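**Q** A single structure is presented below for examination.
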Amino acid sequence: MLPNKHIKKLRPYKAVPHKAWDIGNTDGVLKLDWNEATVLPSPKVRKDLESFLSSGRLNWYPNIRNKTLIGKIADYSQVSAKHVQYFAGSDDLHEYIIGAFTEPGDGAIIVSPTYDNFRASAESKGVRVNYHNLTKSFNFQPTRLISQIKEAKSKLVYICNPNNPTGTIVETDEIENLISHCPDTLFVIDEAYYEFAKKSVAGMAVKNENVIVSRTFSKAFALAGFRIGYAITSAENIEHIDKIRNPKNVTTLSQIAAIAALDDVPYMEAYVGEVLLAKKLVCKTLSKAGYKITSEGGNFILLKMGSATKRKFIDRLLNRNIFVRDYGHVQGMEEYIRVTIGTREQMKPFVEEALDFSHD
Ligand code: PMP
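So this is what it looks like as structure tokens:
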């Protein structure tokens, strides 16, 4: 059977191999390649999962409307329950957004470079994607974007804030201004790294039908393996998406884990605080040693180096089971490495290797 014409010509999202999984254990492994948390989730997550495992109901389908979870997400996001819905990760939410709000042939604008999965999902459904290219120093230009949207009559705009991989932060009032200038365009604001920058348009998303905020438990809450994220938007938009959402897809274990994580927000906040301290320290130490660093929002930084040097550096890190993300495959980012930031203690071997390498 032949795939449809969109799939035939689709450039897939390039998920780089998760080499750390091949090692078989976590001893001495420093996984800084996928922007996950570098620590385990709150101990309450494990405790609640363990008690569920021995309480029966493993054979039941998951709760398809977990009011406790919805209520806790709403409280945490400071919106009311009718404005939130949970999904099997924000990637899953993005697919539903494309399914519910676009038609083949519609135009979308995506900030570039950014997290590429949204582009691939959109193109797979026949959406035509154009780019709002960030400047050389990765700045966002809202006025130019407004002209682009008007010119192309774009149906949808995807902005990741803070942006992965550049860390670019767009100020809330700039996004709000953009949204109010383009009432016929749906803005998907991906706040996967919200906890690390605390800028959000959630307040605007509940009042305006042309904004959907997506967030995840995969980063600050340390639940990447559970696959759970959520939307904040108008009650009407939640209803539109619910028409196609498969409510069984968020597993019982994920729902329990997310509730437990939200019961221990201080644990998450302490981790975020530690990561921000570590980020400052890593940047200070490495820039003193001559590294070219880009660092703004998020739990990650970018290092810039010539391609051959970069290859040597990555190989050297790999020898010590330190995994970082090579951006060699992304146009305009060929000379960059993205490094997830963990705790100060965890970052020591990475900094040690980087300093040693700079003396070579
Ligand atoms: N959005 C951004 C900006 C991301 O960086 C990532 C993960 N790399 C995701 C979404 C995916 O999130 P989730 O695990 O909730 O699907």
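In terms of this note's numbering, the sequence shown opens at residue 1221 and continues consecutively. Idealized CB from N, CA, C, for every residue including glycine. It should be emphasised that the depicted structure is a prediction, and the values quoted were computed from it without experimental measurement.
Determine the DSSP secondary structure at Cys1503, reduced to helix, strand or coil.
**A** Walking along the sequence shown from the start, residue 1503 turns up at place 283. Helix, per DSSP.
**Q** Where do the ends of the alpha helix (DSSP H) carrying Phe1577 lie?
**A** Within the sequence shown, residue 1577 is the residue found at index 357, counting from 1. Its alpha helix (DSSP H) spans residues 1564-1579.
**Q** Would you mind reading off the limits of the alpha helix (DSSP H) that contains Thr1334?
**A** Residue mapping note: residue 1334 aligns to position 114 of the sequence shown, counting from 1. First-last for Thr1334: undefined, no H or E at that position.
**Q** Among the residues of its own chain, which have a CB less than 6 angstroms from the CB of Leu1230, if the five just before and after it don't count?
**A** As a working mapping, residue 1230 is identified with position 10 in the sequence shown. Excluding residues within five positions, the ones whose Cβ falls inside 6 angstroms are Glu1343, Ser1344.
**Q** Measure how close the beta-carbons of Pro1282 and Val1470 come, nearest whole angstrom, since I'm counting them as under 8 angstroms.
**A** Translated into the one-based positions of the sequence shown, residue 1282 becomes position 62. Translated into the one-based positions of the sequence shown, residue 1470 becomes position 250. The pair is a contact, with the Cβ atoms about 6 angstroms apart (cut-off 8 angstroms).
**Q** Among Asn1430, Leu1406, Arg1435, Glu1429, which one has its Cα closest to the Cα of Ser1420?
**A** The sequence position of residue 1420 within the sequence shown is 200, counting from 1. The shortest Cα separation from Ser1420 among Asn1430, Leu1406, Arg1435, Glu1429 belongs to Arg1435.
**Q** Under DSSP, the beta strand (DSSP E) around Val1408 begins and ends at which residues?
**A** Here residue 1408 refers to the residue found at position 188 of the sequence shown. That run of the beta strand (DSSP E) goes 1406-1410.
**Q** With hydrogens ignored, establish whether the beta-carbon of Cys1380 is closer than 6 angstroms to any heavy atom of the ligand PMP.
**A** Looking up residue 1380 in the sequence shown gives position 160. Cys1380 Cβ: within cutoff of the ligand PMP.
**Q** Applying the criterion that 16 or more other CB atoms from any shown protein chain within 10 Å of the CB defines a buried residue, is Gln1551 buried or exposed?
**A** Stepping through the sequence shown from its first residue, residue 1551 is reached at position 331. Exposed.
**Q** To the nearest angstrom, how far is the alpha carbon of Trp1280 from that of Gly1244?
**A** For the purposes of this step, residue 1280 is identified with residue 60 of the sequence shown, where counting begins at 1. For the purposes of this step, residue 1244 is identified with residue 24 of the sequence shown, where counting begins at 1. Their Cα atoms are separated by approximately 31 angstroms.
**Q** In chain order, what residues place their C-beta within less than 6 angstroms of a heavy atom belonging to the ligand PMP?
**A** Any residue whose Cβ sits closer than 6 angstroms to a heavy atom of the ligand PMP makes the list: Asn1255, Gly1309, Ser1310, Asp1311, Tyr1335, Cys1380, Asn1384, Asp1410, Ala1412, Thr1436, Ser1438, Ala1444, Gly1449.
**Q** Taking 7 angstroms as the threshold (C-beta atoms), are Pro1403 and Asn1430 in contact?
**A** The count along the sequence shown starts at 1 and reaches residue 1430 at position 210. The count along the sequence shown starts at 1 and reaches residue 1403 at position 183. Going by C-beta atoms, Asn1430 is nearer than 7 angstroms to Pro1403.
**Q** With DSSP collapsed to three states, give me the class of Tyr1450.
**A** The sequence position of residue 1450 within the sequence shown is 230, counting from 1. Strand.
**Q** Could you check which residue in Asn1381, His1352, Lys1356, Ser1357 has the C-alpha nearest to that of Lys1370?
**A** Translated into the one-based positions of the sequence shown, residue 1370 becomes position 150. Per the Cα distances, His1352.
**Q** By Cβ distance below 7 angstroms, which residues in the same chain neighbour Glu1394 in space, the five residues on each side in sequence not counted?
**A** As a first step, residue 1394 is located in the sequence shown; it is residue number 174 there, counting from the start. Pro1362.
**Q** Going by CA-CA distance only, name the one from Ala1455, Asn1457, Ala1478 that's closest to Ser1438.
**A** Position 218 of the sequence shown, counting from 1, holds the residue named residue 1438. Closest by alpha carbon: Ala1478.
**Q** Within a Cβ cutoff of 8 angstroms, which residues of the same chain sit near Ala1294, ignoring the five residues on either side of it in sequence?
**A** Here residue 1294 refers to the residue found at position 74 when the sequence shown is read from its first residue. For Ala1294, where only same-chain residues beyond five positions count, the Cβ hits under 8 angstroms are Ser1300, Ala1301, His1303, Val1304.
**Q** Val1433 to His1579, Cα distance in whole Å?
**A** Reading the sequence shown from its first residue, position 213 is the one you call residue 1433. Reading the sequence shown from its first residue, position 359 is the one you call residue 1579. C-alpha separation (whole angstroms): 45 angstroms.
**Q** Whole angstroms is fine: what's the gap from Glu1270's alpha carbon to Thr1472's?
**A** Stepping through the sequence shown from its first residue, residue 1270 is reached at position 50. Stepping through the sequence shown from its first residue, residue 1472 is reached at position 252. One C-alpha to the other measures close to 13 angstroms.
**Q** Report the rounded CA-to-CA distance for His1226 versus Ile1464, giving the unit in angstroms.
**A** Here residue 1226 is taken as the residue at index 6 of the sequence shown, counted from 1. Here residue 1464 is taken as the residue at index 244 of the sequence shown, counted from 1. Each residue's alpha carbon lies about 21 angstroms from the other.
**Q** Three Cβ pairs or more, each shorter than 8 angstroms: is that satisfied between the region 1322-1340 and the region 1490-1503?
**A** Because the criterion of three Cβ pairs below 8 angstroms is not met, the region 1322-1340 and the region 1490-1503 do not touch.
**Q** Under 8 angstroms by Cβ, that's how I've got Ala1442 and Phe1416 pegged, so tell me the actual separation to the nearest angstrom.
**A** The residue given as residue 1442 occupies position 222 in the sequence shown. The residue given as residue 1416 occupies position 196 in the sequence shown. That pair is no contact at about 13 angstroms.
**Q** Give every residue of the same chain whose Cβ lies closer than 8 angstroms to the Cβ of Pro1232, excluding the five residues on either side of it in the sequence, and list them in chain order.
**A** Residue mapping note: residue 1232 aligns to position 12 of the sequence shown, counting from 1. Closer than 8 angstroms at the Cβ level, and outside the excluded window around Pro1232, lie Ala1340.
**Q** Is the beta carbon of Arg1447 less than 7 angstroms from the beta carbon of Leu1501?
**A** The sequence position of residue 1447 within the sequence shown is 227, counting from 1. The sequence position of residue 1501 within the sequence shown is 281, counting from 1. It is not a contact, given that the beta carbons lie outside the stated cut-off.
**Q** Curious, which full-length alpha helix (DSSP H) runs of at least 4 residues does the region 1450-1521 contain?
**A** You should have 1455-1462, 1472-1483, 1485-1508.
**Q** Could you name each continuous alpha helix (DSSP H) segment of 4 residues or more that falls completely within the region 1275-1333, going from the start of the chain to the end?
**A** Fully enclosed alpha helix (DSSP H) runs of 4 or longer: 1287-1297, 1310-1321.
**Q** If you measure from the beta carbon of Leu1473 to each beta carbon in chain D, is any gap under 7 angstroms?
**A** Absent from the structure: chain D. Only one protein chain is present.
**Q** How big is the Cα-Cα spacing for Thr1386 and Thr1505?
**A** In the sequence shown, counting from the first residue as 1, residue 1386 sits at position 166. In the sequence shown, counting from the first residue as 1, residue 1505 sits at position 285. Taking the straight line from one Cα to the other gives about 20 angstroms.
**Q** By Cβ distance, which residues of its chain are closer than 7 angstroms to Arg1531, with the 5 residues on each side in sequence left out?
**A** By one-based count along the sequence shown, residue 1531 stands at place 311. Around Arg1531: no qualifying Cβ.
**Q** Compute the Euclidean distance between the alpha carbons of Asn1381 and Gly1276, then round it to the nearest angstrom.
**A** Against the sequence shown, residue 1381 aligns to sequence position 161. Against the sequence shown, residue 1276 aligns to sequence position 56. C-alpha separation (whole angstroms): 41 angstroms.
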